[in-house]
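Colleague:
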Amino acid sequence: PAPPPPRPVAKPSTQPPAPAAPRPLAVPDPTPSLNAPNGVIAPEPAAPITSAFPSEAPVALATPPAPPAPPAPPAPPRVELPSSSAEYLNNPRPPYPPLSKRLGEQGRVVVRVFIDANGTASQAEIRSSSGYERLDQTALQTVLRWRYVPGKRNGVAEAMWFNVPISFVLE
C-alpha cells in the first residue's frame, strides 16, 4: 500500500490580527418555541435624544393648560307651591248645588287659580271640567273666596298659579 500523502505544515503568521467582524443581529425565528411566553412583548423605549451642542437647552414640548372648568350652575330656586289645606284658613267645602243632587250629577273639577303674595285668589279658570256646568261654576266661585298660603321661591312669598281639585260625590 502506498503511504499517505504528506500534510502541509502551517507556518506562524507575522501579520497583525484582523479586526473583529461585527456580530450578526439575531433574527427571530417565525416558528414559535414551546418555551416562548404568550402575548406581545412591548419594545423598550428609545433613549432620549440629546443635543450635540451642550449650550442648547432641551426644548420641552409643553401642552397648553386645560381651560378652567366652567363654574357650576346655580342651584335651581326652591319653590313651594301655594296651599289651601292649612287648618287655620277655614276654607269651607263648596256647597253641592241642590239641582245637581236631584239629577245625580257627580264629578271632579280642577280650578286653576292665581294666588297673590298675600294668599288671596285674584283670578280663576276651569282647568278640567266635571262635565256639569253647575258643578264647575260652584267650584270656581268657592275657590275664589278661599284664603291660601302663598307660594314661595327661596323662602320669599310670590304670586303664582295653583291647581285646586274639587270633587263632588253624592253619598
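Going by my numbering, the first residue of the sequence shown is number 5, and it counts up by one from there.
Even glycine gets a Cβ: it sits at the ideal position worked out from N, Cα and C.
Going along the chain, which residues of its own chain have a beta-carbon closer than 7 Å to the beta-carbon of P32, five neighbours each way excluded?
Modeller: Any reading at P32 needs caution, since the residue's pLDDT is 49, under 50, leaving its predicted position unreliable; the model's value is listed next. Cβ within range, chain order: n/a, list empty.
Colleague: For P169, which three-state DSSP category applies?
Modeller: Residue state, collapsed to three classes: strand.
Colleague: Under the three-state reduction of DSSP, which class applies to S132: helix, strand or coil?
Modeller: S132 falls in the strand class under three-state DSSP.
Colleague: Which complete alpha helix (DSSP H) runs does the stretch 114 to 164 hold, if anything under 4 residues is left out?
Modeller: Taking only runs of at least 4 residues, the alpha helix (DSSP H) segments lying wholly in the stretch 114 to 164 are 137 to 149.
Colleague: Does the Cβ-Cβ distance between G111 and L85 come in under 7 Å?
Modeller: Taking 7 Å as the Cβ cut-off, G111 and L85 do not qualify as a contacting pair.
Colleague: Put E175 into one of helix, strand or coil per three-state DSSP.
Modeller: Coil, per DSSP.
Colleague: Assign V83 to one of two classes, buried (16 or more other C-beta atoms within 10 Å of its C-beta) or exposed (fewer than that).
Modeller: Its Cβ having fewer than 16 others within 10 Å, V83 is exposed.
Colleague: For G171, which residues in the same chain have their Cβ closer than 6 Å to its Cβ, ignoring the five residues on either side in sequence?
Modeller: Looking at the sequence shown, residue 171 is not Gly but Ser. Only R112 meet the Cβ criterion.
Colleague: Have a look at R131 and P69 and give me their C-alpha separation to the nearest angstrom.
Modeller: Computed Cα separation, rounded: 56 Å.
Colleague: Just to check my reading of the structure: P154 and G123 have Cβ atoms closer than 8 Å, yes? What is that Cβ distance to the nearest angstrom?
Modeller: P154 to G123, Cβ: 5 Å. Contact.
Colleague: Would you identify the three-state DSSP class for R106, choosing helix, strand or coil?
Modeller: Three-state result, R106: helix.
Colleague: Of the residues A163, S126, D120, A143, which one's Cα is nearest the Cα of Y100?
Modeller: Out of A163, S126, D120, A143, A143 has the C-alpha closest to the C-alpha of Y100.
Colleague: Distance, Cα to Cα, E137 vs V147?
Modeller: Straight-line Cα distance between these residues: approximately 15 Å.
Colleague: By DSSP's criteria, R97 is part of a beta bridge. Which residues make up the other side?
Modeller: Note: R97 sits in no beta bridge, so no partner.
Colleague: Quick one: is A125 buried, meaning 16 or more other Cβ sit within 10 Å of its Cβ, or exposed?
Modeller: Buried, because 16 or more other Cβ atoms sit within 10 Å of the Cβ of A125.
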